[in-house]
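What follows is a set of notes on a single structure, which appears directly below.
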Amino acid sequence: MTDSSETPVRSDGRSTWAREAAERLERTDRTVSPVIYPPETDAFDGLHVWDTWPLRNRDGSLAEIDGHRVILALTATDDLLPGKRHDVAAIHYFHSTDGRSWIHGGPLFDGDALGSRQWAGSAMYEDGAVYAFYTASGFRGEEELTYTQRIAGATGGEVVAVNDADLRIEGEWDHRILLEPDGDLYEREDQSRGMTYTFRDPWFFEDPADGETYLVFEANTPVPEGTNPCDSDPVAAEFNGSIGIARSPTDDPMAWELEPPLLDAVCVNQELERPHLVVRDGQYYLFISSHQHTFAPGIEGYDALYGFVADDLRGKYRPLNGHGMVATNPANAPFQSYSWTAYDHGDELLVVSFFNYYDYVGATLDGIAELPESEQFRRFGGTLAPTLRVALDGDRTTVLGTLRHGDVPLPREALKAVDRGGRPRLAGGRGSYRR
Ligand code: FRU
Numbered sequence: 111m112t113d114s115s116e117t118p119v120r121s122d123g124r125s126t127w128a129r130e131a132a133e134r135l136e137r138t139d140r141t142v143s144p145v146i147y148p149p150e151t152d153a154f155d156g157l158h159v160w161d162t163w164p165l166r167n168r169d170g171s172l173a174e175i176d177g178h179r180v181i182l183a184l185t186a187t188d189d190l191l192p193g194k195r196h197d198v199a200a201i202h203y204f205h206s207t208d209g210r211s212w213i214h215g216g217p218l219f220d221g222d223a224l225g226s227r228q229w230a231g232s233a234m235y236e237d238g239a240v241y242a243f244y245t246a247s248g249f250r251g252e253e254e255l256t257y258t259q260r261i262a263g264a265t266g267g268e269v270v271a272v273n274d275a276d277l278r279i280e281g282e283w284d285h286r287i288l289l290e291p292d293g294d295l296y297e298r299e300d301q302s303r304g305m306t307y308t309f310r311d312p313w314f315f316e317d318p319a320d321g322e323t324y325l326v327f328e329a330n331t332p333v334p335e336g337t338n339p340c341d342s343d344p345v346a347a348e349f350n351g352s353i354g355i356a357r358s359p360t361d362d363p364m365a366w367e368l369e370p371p372l373l374d375a376v377c378v379n380q381e382l383e384r385p386h387l388v389v390r391d392g393q394y395y396l397f398i399s400s401h402q403h404t405f406a407p408g409i410e411g412y413d414a415l416y417g418f419v420a421d422d423l424r425g426k427y428r429p430l431n432g433h434g435m436v437a438t439n440p441a442n443a444p445f446q447s448y449s450w451t452a453y454d455h456g457d458e459l460l461v462v463s464f465f466n467y468y469d470y471v472g473a474t475l476d477g478i479a480e481l482p483e484s485e486q487f488r489r490f491g492g493t494l495a496p497t498l499r500v501a502l503d504g505d506r507t508t509v510l511g512t513l514r515h516g517d518v519p520l521p522r523e524a525l526k527a528v529d530r531g532g533r534p535r536l537a538g539g540r541g542s543y544r545r
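All the letters of the sequence shown, read from the start, carry residue numbers 111 to 545 under the working numbering.
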């Protein structure tokens, strides 16, 4: 299916994450983030907070509304066993005037969202209106939880900055299913042979090259029974993650048409989670999160932020650093953070993630469920992790250190680093430390 060069593409032009590249994955000084600890005070007390995304303008920049910025996140109340949170996830919003202290605005929707729970997405702000994109997981009102995933959108919400200290998102939301898998470009649930199934995590993106409007999302590529794309390894063929894309023919954020995936990882990895793009110097950086346990047998991967770069949106995408890994957790805290969202901060890339299971060095995340419940609670961060600073230099990246937990500085605001990581700096401009 792939050729064996450094920039593999399928015969139909689709970029792939080649097994040869993924087999080179390893922790290095450039890709490992510092050990992190619980914050002194949890800004999100009372809630488990995990996947997080900022409210952004149509062009992808962070929205600033009367001095406020806004983040949205998946949440559950923190009396719930952390491993159960995905079953009840609800999107809440938080606002801040300094990007450091976050005020809880409340649930984004008022109970009529699609799905029995809502999973990750993105949000776009335009002329006072909020367009929310999310994963409708299961079906509203279902008695038994199902794992069907559909990509949903909602309009009708507006940002109201009540005063200097307060902001509300209000309105009569109109929820619609925007995309479902077609079974040809994107696997349907009933076609799935893999360990988990995905069709989720829509991310709004306007291509600066031509102003076209897209949603990118996490999906799987159909691999029909009897076909053997992985050098006759039928087990590897069950690992079929892809980064999907849909285009809006009219720029209407509620009207989308599926297009062929930007990249897939057939034979390599099952879940390419929360894909998103940063365009810098005309280069398209495509990021995803993935887990150590979703790599095909024989590939030693990590819970990490991975990335690819191409000269245009459609690729050829090359794995960053020759293998694809950008930032992972240290070996002595391999599950301390997850679900990374990168944005451009001028000289550096800043990466927001959540504080996951710390003080835990099991072989896989599955081991958490074996611990006594009190330990599962104790070891779960459930809040935002320290924001990571990453230097980008063409196809190379370097973890530079961290800011504080949950810091979301605007590009014009100086960085207040708390950990410089003692890592090498890149020569010259990009990546050199600036206070
Ligand atoms: C990543 C993720 C997302 C999904 C959410 C569900 O952490 O798996 O892909 O939307 O968690 O909680």
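Ideal placement from N, C-alpha and C gives every residue a C-beta, glycine not left out.
Going by C-alpha positions, R522 is about 47 Å away from Q301.
Contact annotation: the region 118 to 132 does not touch the region 485 to 492, with fewer than three C-beta pairs closer than 8 Å.
Under the Cβ criterion (8 Å, minimum of three pairs), the region 175 to 185 counts as touching the region 218 to 235. Its chain contains A131 and F418 as the residues whose beta carbon lies nearer than 6 Å to that of P429, once the 5 sequence neighbours on both sides are disregarded; these appear in chain order. Beyond the five residues adjoining it in sequence on each side, V462 comes within less than 6 Å, by CB distance, of T162, T451 and T497 in the same chain, given in chain order.
As the crow flies, the alpha-carbon of H178 is around 33 Å from that of A420. For N167, same chain residues with a beta-carbon under 8 Å away, outside a window of 5 residues either side, are A173, M234, Y235 and E236 in chain order.
For D188, the distance from the CB to the nearest heavy atom of the ligand FRU is not below 7 Å. Here P482 is exposed: its Cβ has fewer than 16 other Cβ atoms, across all protein chains shown, within 10 Å. In this structure, the CA atom of L277 is about 11 Å from the CA atom of G216.
Beyond the five residues adjoining it in sequence on each side, H403 comes within less than 6 Å, by CB distance, of T474 in the same chain, given in chain order.
Taking G411 as the centre and dropping the five residues before and after it, the same chain places the C-beta of L135, Q402 and F405 closer than 6 Å to its C-beta, in chain order.
Assignment of I287 by DSSP, reduced to helix, strand and coil, places it in the strand class. Relative to the non-hydrogen atoms of the ligand FRU, the Cβ of Y235 never comes closer than 7 Å to any of them. For R384, the distance from the CB to the nearest heavy atom of the ligand FRU is below 7 Å. The nearest non-hydrogen atom of the ligand FRU is less than 7 Å from the C-beta of H196.
Contact between the region 337 to 344 and the region 312 to 321 is absent: fewer than 3 CB-CB pairs across the two stretches fall below 8 Å. In this structure, G263 lies near Y241, with their beta-carbon atoms less than 8 Å apart.
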